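In the numbering used here, the protein residues as written are 3 to 156.
C-beta: ideal position from N, C-alpha, C; glycine also.
In this text, all values refer to a predicted model and were calculated from it rather than measured experimentally.
Following: one structure in structure tokens, then a few remarks.
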């Protein structure tokens, strides 16, 4: 539960590039889980569905017919092919190969996200995040202040 709350907090405060990095991070984590669960068919089936869902979401974000969009599409299809082969043959090296391909993309988007964040701080365009505690009926919630100076549930 704490992990989901942490992820929700990260997503709520992330810029566009950081969101892409979070998706790549989740995909890489799922590839690692696949490696750990190669001998557990039921778990591996669920994890493969998750991998394919993430890849489909990434492909769905690509618009237009630019060289970059086409290269990303080919890359995502390649990743899908090698993890499918790894799933069919129970070959962890295929998932390791997928990680090797995705890791530089993750690192690049993560670095871009950090750069964008720092530039926004320097120009005072960063989202104003104020964390505080609000008390309700037996639970504690986080609240944040958005750019319009309104409180939102965190």
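Uninterrupted beta strand (DSSP E) stretches inside the segment 82-117 (no shorter than 3 residues): none
Backbone CA spacing between residue 120 and residue 112 [nearest angstrom]: 12 Å
Whole-angstrom distance between residue 55 and residue 43, CA atom to CA atom: 18 Å
Where residue 41 sits in the DSSP three-state scheme: coil
Proximity below 8 Å, CB of residue 101 to CB of residue 30: yes
Outcome for residue 141 when other beta-carbon atoms lying within 10 angstroms are tallied against a minimum of 16: Caution is warranted here: a pLDDT of 47 is assigned to residue 141, below 50, making its placement in the model unreliable, and the coordinate value is therefore given only provisionally. Counting Cβ neighbours within 10 Å, residue 141 comes out exposed, since fewer than 16 surround it.
Helix, strand or coil at residue 17 according to DSSP, with G and I counted as helix: coil
Between the CA atoms of residue 28 and residue 65 - distance to the nearest angstrom: 22 Å
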